[in-house]
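**Student:**
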Amino acid sequence: MTAKPSDLVLTNARVVLADRVIEGGWVAIADGAIAEFGEGRSPERGEDFAGDLLIPGLVELHTDHIEAHFMPRPKVYWDPVAAVVSYDGQLATSGITTALDSLRVWREEGMEEVDGQAGILAEAIAMAREADLLRCDHFLHLRCEVPTLTVVEEARELIGRPDVRLASLMDHTPGQRQFRDEQKLRDYYRSKKGGMTDAELDALFENRLKCQAAYATRNYRELVDLARSHATPLASHDDTTMEHVAQAITDQVAIAEFPTTVEAAEALHAAGIRVLMGAPNLVRGSSHAGNVATAELAQAGCLDILSSDYVPSSMLMAALVLPTRAPNIDLPAAIRAVTKTPAEAVGLTDRGEIAPGKRADLLRVHVAVNVPAVRSVWRSGQRVA
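Residue numbers for the sequence shown follow the working numbering, beginning at 4 and rising by one.
1) If you reduce the DSSP assignment to three classes, tell me which class S45 lands in.
2) Grab me the residues of A53's own chain with a C-beta within less than 7 Å of its C-beta, minus the 5 sequence neighbours each way, in chain order.
3) Across which residues does DSSP place E50 in a beta bridge pair?
4) Hey, out of D254, S316, A321, L300, whose CA is closest to Y90's CA?
5) How would you write the range of the alpha helix (DSSP H) that A3 sits in, first residue to last?
6) Could you check how far apart the C-beta atoms of L56 and V370 are, in whole angstroms? I think they sit under 8 Å.
7) For A6, I'd like the list of residues in its chain whose CB is within less than 6 Å of its CB, leaving aside the five on either flank, ordered along the chain.
8) From T176 to A301, what distance separates their C-alpha atoms?
9) Would you call V18 buried or exposed, if buried means 16 or more other Cβ atoms sit within 10 Å of its Cβ?
10) Measuring alpha carbon to alpha carbon, tell me which of V374, P330, L306 ends up nearest V341.
11) Let's test the definition: count the other Cβ atoms within 10 Å of the Cβ of G281 and tell me whether it reaches 16, buried, or not, exposed.
12) Compare the C-alpha of P83 against each of V324, R132, N294 and name the closest.
13) Report yes if the C-beta distance between A257 and A238 is below 8 Å; otherwise report no.
14) State the CB to CB distance for the pair L124 and C147, rounded to an integer number of angstroms; the pair is presumed to be in contact (CB under 8 Å).
15) Using DSSP with H/G/I as helix, E/B as strand and the rest coil, what is C214?
16) Any idea if Q215 is buried or exposed, counting beta-carbon neighbours within 10 angstroms, 16 or more meaning buried?
17) DSSP beta-bridge partners for S105?
18) Helix, strand or coil for L152, going by three-state DSSP, please let me know.
19) Considering only their Cβ atoms, is the gap separating E70 from T101 smaller than 8 Å?
20) Whose CA, out of F142, V108, K343, lies closest to the CA of E160?
21) In the structure shown, what three-state DSSP assignment does D205 receive?
22) Taking Cβ to Cβ, would you say E42 is nearer than 8 Å to G60?
23) How far does the alpha helix (DSSP H) with G92 in it extend, from its first residue to its last?
24) With distances taken from CA atoms, which of R367, R339, G384 is nearest G98?
25) With a threshold of 16 other CB atoms inside 10 Å of the CB of K2, please say whether the residue is buried or exposed.
26) Using a Cβ-Cβ cut-off of 7 Å (strictly less than) and excluding sequence neighbours within five positions of L136, which residues of its own chain qualify?
27) With a Cβ-Cβ cutoff of 8 Å, do A363 and G350 count as a contact?
28) With a threshold of 16 other CB atoms inside 10 Å of the CB of V372, please say whether the residue is buried or exposed.
29) Apart from the five residues on each side of it in sequence, which residues of its chain come closer than 7 Å, Cβ to Cβ, to I32?
30) Tell whether a beta-carbon distance below 8 Å holds between V278 and L271.
31) Check the C-beta distance from I128 over to H141 and give it rounded, since I have them as a contact under 8 Å.
32) Might you give, ordered along the chain, the residues of its own chain that have their beta carbon closer than 8 Å to the beta carbon of V24, omitting 5 neighbours on each side?
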């Protein structure tokens, strides 16, 4: 041990390192960082984990769950700072210590979802951070729907912020990418909107096709150039074909979010682009949109990152179940997919693993009846949940 006593020692834990598991290990924390770790009896008395898992705090790159707190009912808006605090608490108790809050950077006429509110939410996150109301470390992920009229203008207003860490290029036009099966998109909006008629959906889809023809090509190039000018990492979205893969490679995207086919995912992974898939997909066993299953990509060796997407608690559940769905992946590799790899993908190299000098973002996790429960959460060595 170091001559200086540790601020905190966590003992008698299953310590998950980046490459192995220490059964009956300990971790010492000093000045907000990992000081040392070891196996067996710790040199100092500490908090006894009673055999529970000790893992790094989860790093989430794509969650738009903040919008459910800001608009809990259609056209019903909550106080934005209070919404951020509520959302932050849910993330922390799900084991997420670093989050890229995914904000919709576009507007669409006739839709009741949260759109055109990215600036409001970005300011609310900043206010909550400044007031020391947050348990997690928050950054921004700008979700840019390419074939929309104002997306470039709105992205330009936000991308210069110091907390922006990622921008994704999305196109949800019916008949392609995530919604190649147009019927799946119709089913999605019928359930989400509480009963849109076929006539309303026909009008919506016709407008989206017109917008893609009018705006997509120009907006895509301008958004890529904008991200490059600010050194903001890019993510592609719902890559399906080899043409999509080639475009992602050409534009040097760092992350491929939710590729819809095995062929696209394998090609992206082989090109060094990190493949991100949904944890809910893995937990449920399939994609809600009828696309490729996360488990299939894991078994194929081309899954790099898991995201909770729309269910914060799914991230930890998926990581712990992943070795049973893909025997080629052990527990340390599964935990890397929700910690070290996503952190590195957006340049956060100070966290994501239990190693000397890394931030002491840590979780105590108890597992019973195949369900994980987060018992304790530390961020930079301070207990936050």
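Cβ coordinates follow ideal geometry from the N, Cα and C atoms, glycine included. In this text, all values refer to a predicted model and were calculated from it rather than measured experimentally.
**Tutor:** Looking at the coordinates:
1) Assignment of S45 by DSSP, reduced to helix, strand and coil, places it in the coil class.
2) The residues N15, in chain order, have a CB closer than 7 Å to that of A53 in the same chain once the five nearest residues on each side in sequence are set aside.
3) Per DSSP, the beta bridge partners of E50 are L13.
4) Nearest of D254, S316, A321, L300 to Y90, Cα basis: S316.
5) Residue numbering for the chain in the displayed model covers 4 to 388; residue 3 lies beyond these limits and cannot be assessed.
6) Contact between L56 and V370 is confirmed by a C-beta separation of about 7 Å, below the 8 Å threshold.
7) Unreliable positioning characterises A6 in this predicted model, as indicated by a pLDDT of 43, which lies under 50. The coordinate reading is nonetheless provided below. Counting only Cβ-Cβ distances below 6 Å, and skipping sequence neighbours, we find nothing.
8) Answer to the nearest angstrom: the Cα atoms are 28 Å apart.
9) The residue is buried, with at least 16 neighbouring Cβ atoms inside 10 Å.
10) Ranking the options by Cα distance to V341, first place goes to L306.
11) Buried, since its Cβ has 16 or more Cβ neighbours within 10 Å.
12) With distances taken between Cα atoms, P83 lies closest to R132.
13) Yes, they are a contact pair.
14) Not really, about 15 Å apart at Cβ, beyond 8 Å.
15) For C214, the three-state secondary structure derived from DSSP is helix.
16) By the 16-neighbour rule on beta-carbons within 10 angstroms, Q215 is buried.
17) Answer is H144.
18) Residue state, collapsed to three classes: coil.
19) When the beta-carbon positions are compared, T101 and E70 stay at least 8 Å from each other.
20) Among F142, V108, K343, the Cα nearest to that of E160 is on V108.
21) When secondary structure is reduced to three states using DSSP, D205 falls in the helix class.
22) One thing to note: E42 has its Cβ no nearer than 8 Å to the Cβ of G60.
23) Per DSSP, G92 belongs to the alpha helix (DSSP H) from 83-96.
24) Considering only alpha carbons, the answer is R367.
25) This structure cannot speak to residue 2, because the chain is shown only from 4 to 388.
26) Cβ neighbours of L136 beyond the five flanking positions: V88.
27) No, these two residues do not count as a Cβ contact at 8 Å.
28) The residue is exposed, with fewer than 16 neighbouring Cβ atoms inside 10 Å.
29) The residues are S9, D10, L11, A38, A363, G384.
30) Yes, they are a contact pair.
31) About 5 Å separates the two Cβ atoms, so the contact holds.
32) The answer, listed in chain order, is R17, V18, L334, P335.
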